[in-house]
Amino acid sequence: MMSSPRISVLVALVGWFAGAVTNAGAEAPAAALSLDEALGLLKSYNYDQPRQPVAALELLIARTTADPQAKGDVAARLGALLADPATSLAAKEFVCEQLLVVGDAQQVPTLAKLLDDPQTTDMARRALEGIPGEESLQTLRSALGKLKGSALAGAANSLGARRDAQSVGALAKLFGDADEEVASAAARALGRIGTTDAAAALAKATMAPKLLGVLRDSQLRCAQNLAKDGNGAAAASLCRSCLTADTPAQWRMGALSGLAEVDKDSALQIVVDLLDAPDFALYRPALRIAAGLPGQRATEVLTKQLPDLAPARQADLIDILAERGDRSAAGAVTQLAGTGDEAVRVAALRALGSLGDASTVDLLLGLAATGAGSSQEAARASLTRLTAPEVDRALMTVVAEGEPGPRVEAICALTARNASGATPALLSAVDDGNPAVRAAALSALGVIGEAGSYARLLQALVAGAEGAEGEAASKAVLAVGGRMPDLQDRVGPVVAVLKGAPAESKPALLATLAAYGGPQALAAVRACLTEGSPDVQTEAVRALASWPDAAPADDLLGLARDSKEATHRTLALRGYLRLVAQAGTKEERVAMLQQVRSLAATTATKNLLLSGLAGVADAAALDMALSFMSDQDVHAEAAAATLKIAKALLQSDRDSVLEPMKRLAATSKDEAIAKEAQALYAEALKQPSGNGARRNALQPDQARSEAYRKALTERAPEGYHLACYLDCGPDTADGKEGEPTLRLVDGQPYVWSGGGATDDLLRQITISYAGEQVTFAAAGLDPQREYQVGFSWWDYDHDTRAQSVWASAGLPARRAKLLDKTNLPPAAEKPVEKLLPLPRDLTAEGAVQLAFRNEGAPNVVVSEVWLWESDAQSEVKVAVATDKPDQTRVLLVTGVDLHNWRETTPVLVAQLEKDKRLRVEVVEDPNFLVSPKIRDYPGMVMHWMNWEVPAPGEDARANFRKYVEDGGGLVLVHFACGAFQDWPEFRNIAGRVWDPKLRGHDPHGEFQVDLTEVDHPITRGLKAFSTIDELYTCLTGDKPIEVLATATSKVDQKVYPMAFVHECGKGRVFHCVLGHDANALKPDAVGELFRRGTAWAAKLEPVAEAQ
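For the sequence shown, the numbering used here gives the first residue as 10, with consecutive numbering after it.
Structure below.
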């Protein structure tokens, strides 16, 4: 008979066993072995021989499963090898493993014989478990009457895994076995079988007290399976049997949770009974179950309990009613909003944000206006969160009339709700007779006002109100104007009203023009320099002095030289010197200073010049101030200015300080001045600390950002225009509603010391930074257009930074690497700009997250980010997914961890994706576990735990449990062991869980992780390693697990598991408690452990990626 192609490949490969490599390293011709000869070579395989050939043979055997003839042929030969007494023990174990894949009924008799031998019983039993058909089941049933100890427990486990209903009677008889392992295995097997007979046997079972947990776990598992099979009545009955008073709380709550799925009315009544239970171990989980019970009837029953509960429990139940979101509870909750107990009152007010509607608005406004402390905060928060229809309209109605307090609160609520449709109501309130209402309306328009409100706001500004109202009007004009894209639209109306405005209103209008800048605004301000009112003239000079660019430099120089008013000369000179500091080059600055130097002819003008110079942190200004030191008329003023400039330059240009301070220390006859100059000289010799320089550079500066935008626009790529721009540090958001927007999601502002003083460098030294990842969100993207992201970066203070750039979209996130690890330019080089296209399959969803990741040290920095949008629209012609077809998708669930998940998540992702077979997709909301999409992922990594946030509800838990039991791989990281504190079934899934009653962990520090002697693919070939982390001592559970790694506590000298595996249904679970912070996840050994654990859980072979 001719062998199949697959068998031929297998036979050729087995030449490896025969040593088919010459001593010289050249490959010898492969022998044409028959399958019998190939397996004959396997017969003598031993544990101490290299495993690679066996692994290769294993892979090829698996591939025969697509060819029935080849599969049967291999199975038969493997069976013959197994029956041969000369076959080694290691080879028999390998054969049994392969029969799990290709075995059939023909090999069952041979395997049955191996059950009697202690050396082969376990391997034979596992093979029988995997071979389908009645023959293998009957053999396992028969084994129950013959085997003892661990072998008998194994047979019971296998029958449970097969859910063999015919073995229920025999398994039930094992409850009384003296061997606890056997009794436990029998109970668990019946739980997995999950038939009504199994339920009946478990309900009647009595086991030793120490095995009560096993019995209850098994009963609950059985109830689960009954419910899955549609037998809700039997499942409910079994759950009720676990609700007895002698059952520990965790199993009672598990039973109640199961009962809630199949008999909601009964569960509801039990929950009600537990609402005043003295035992918090029962009370807290009962609340969580109450949150998940569906239907309005459950809401009604729960609501009726409120009057009879103690205040603290009233508050808890109100929180649960709010979580349920059923508005039928609003009436009862509203009644308690006026109660005397503060906790109840605050809970009720907070709940109305979820349960209330438009009719609730008046109550909340009243309490927001008259309340105090937590009650007032809760009322205001609920006004913001109300989602029912007509809420905005109700708020706008209150704005129109009534007492000032509620009206002001209504305006604040509309602002917080971003109610753009409220502009007409707010404009009406600008004319109100109450100044507090007017001021609130003006402030609100500054936040949510539309362009149509601009003219009315200018009228308010012209009206010349003082105090909070006048300040609010000025800010509102600038804010609304700032959202208007055209400079003419902003400036034109101001110029128009300026001409006819009363003198007392013109200062505010002039300040507005100074903020905008531009030729039209400058002409209007110049005209006011000769107006009759001296106050207006002074404000015009003040406006020129604060102009956003150098356009009025000559005006200011002329005023400083020629004005008859001392105030004007002072303002003009200071304004001119401010422009000196902004000049682009040193030559320009020196030239400007030389022009103003000629003004210093008298003692008064010299003092004025020195006063202005003192505010210019520039080397040329320092030299000029120092030149006045020999002038005895202004010696003291020159010294003060010189020292002040030098101190400022320490933050930006230390080298320019050295020579002047050295000269001043040597020549000054004033001991105090010489001493201070010497101290500044010494400080200039030191390396900069990087703290605190140019803090004002971090203040939002609209004019400066506009200038940068303008410069960028002039060099837009062909066919593109600038959509958004962020000068990182000062800017956190840009864009308008209905158009693309860009905002900072995760990152802190900072300014580098010594980064230079010019505007051109200022945009580079102001940055956003984070430890592991700086994130921006782009939204409002047009799916029909193309986008490019531009950015600049600079490693000014370290010369060690390297970063990568990523884009992601969707839930869970689909990611694309835009830029691989790239070194940033050091301070000695110039900052660099980069431009990267955004994938169309990501922008097609209208929103993209951009992440700059740390690939070096010490952190991530970004100077600027901007977005180019294509002028033309085009059809999207991209694939829906960007996965490589040979990659395994892994879902990483994070987002509400008590640890710094924003820093640990990118490190964990990077570690896992070093295995090129893994594609990690991140979802930052554990409630995603309810989605059927989780079944699209062969592996899931749980990286969250936060007792301050409710864990996902029953539907999510059921979906998660089914995902694992049906074969999904699960990896638990660090504190994920505590994710579902109120869900007993999580113990079975996780293997071990956090017990808050135990000591949590050793003090954070260094310890050694030792590998156990277990031969497992995850740890095979790895070595013990040291790490700096938290050594967890807080795990509890009794499910059998296979411990792979341990650590010895320095506190109590006990050994604790650090990593272990087990199976849950058809799913594999890898649980590792390492990973407290980003640094703990970075070591290679830790990354390799998590990579292998994830690959194993996702059933990738081999577990360790080939290098």
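All C-beta atoms in this analysis are idealised placements derived from N, C-alpha and C, irrespective of residue type, glycine included.
With DSSP run on the structure shown, which of helix, strand or coil describes A520? helix
Buried or exposed for D740, going by 16 or more other Cβ atoms inside 10 Å? buried
Out of D808, G541, L617, which one is the CA nearest neighbour of A575? L617
Between which two residues does the beta strand (DSSP E) holding Y1065 run? 1064 to 1073
Alpha helix (DSSP H) containing D1061: first to last residue? Taken as a continuous stretch (DSSP letters only), D1061 belongs to no alpha helix (DSSP H), as it is neither H nor E.
Which residue marks the beginning of the alpha helix (DSSP H) containing Y729, and which one marks its end? Note, Y729: premise wrong, no alpha helix (DSSP H); beta strand (DSSP E) at 729 to 736.
The region 321 to 331 / the region 341 to 356 touching (three or more Cβ pairs under 8 angstroms): yes
For Q757 and A482, what's the separation of their Cα atoms in angstroms? 30 angstroms
Tell me where the beta strand (DSSP E) around S383 begins and ends. Where S383 is concerned, there is no enclosing beta strand (DSSP E), although the alpha helix (DSSP H) it sits in stretches over 382 to 394.
Closest to L553 by CA distance: which of D544, V545, D564 is it? D564
Looking at A449: is its Cβ nearer than 8 angstroms to the Cβ of C421? yes
Since D1019 sits in a beta bridge, which residues does DSSP pair it with? T1055
Secondary structure, beta strand (DSSP E): runs of 3+ residues fully inside the region 827 to 909: 841 to 846, 856 to 863, 869 to 871, 873 to 879, 897 to 902
With distances taken Cα to Cα, identify the nearest neighbour of L235 among I202, D1093, E102. I202
C105: first and last residue of the uninterrupted alpha helix (DSSP H) it sits in: 98 to 111
Pull up the DSSP beta-bridge partners for G978, would you. G948
For F989, which residues of its own chain have a beta-carbon under 6 angstroms away from its beta-carbon, when the five flanking residues on both sides are left out? A960, F995
CA-to-CA distance, Q497 to L330, given in whole angstroms: 53 angstroms
So what does DSSP say about W1003, is it helix, strand or coil? strand
Is the beta carbon of R926 less than 8 angstroms from the beta carbon of Q896? yes
Over what stretch of residues does the alpha helix (DSSP H) that includes I420 continue unbroken? 413 to 425
For T1000 versus H908, is the C-beta distance shorter than 8 angstroms? The sequence shown places Gly at residue 1000, rather than the Thr named in the question. Cβ atoms of G1000 and H908: not closer than 8 angstroms.
Buried or exposed for H1071, please, with buried defined as at least 16 other CB atoms from any protein chain shown within 10 angstroms of its CB. buried
With respect to the alpha helix (DSSP H) encompassing T379, which residues constitute its N-terminal and C-terminal limits? 370 to 379
Simplified DSSP assignment, three categories, for L291: helix
Name the DSSP beta bridge partners of W815, please? K826, A860
Segment limits, alpha helix (DSSP H) that includes S363: 351 to 364
Per-residue DSSP class, three states only, for Y778: strand
Hey, P1066 and L1044: beta-carbon distance below 8 angstroms or not? yes
Quick one: measure Cβ to Cβ for A244 and G267, integer angstroms, because I've assumed they're closer than 8 angstroms. 7 angstroms
Which residue's Cα is closest to the Cα of P935: E922, G962, R336, V918? G962
Is it buried or exposed, G584, if we count other Cβ atoms within 10 angstroms and call 16 or more buried? buried
What residue range does the alpha helix (DSSP H) around E680 cover? 680 to 694
When the Cα atoms are used, what is the spatial distance from L921 to T914? 11 angstroms
Compute the distance between the beta-carbons of L1020 and L1053, then report whether it is under 8 angstroms. yes
Check for me: the beta strand (DSSP E) holding W802 runs from which residue to which? 796 to 802
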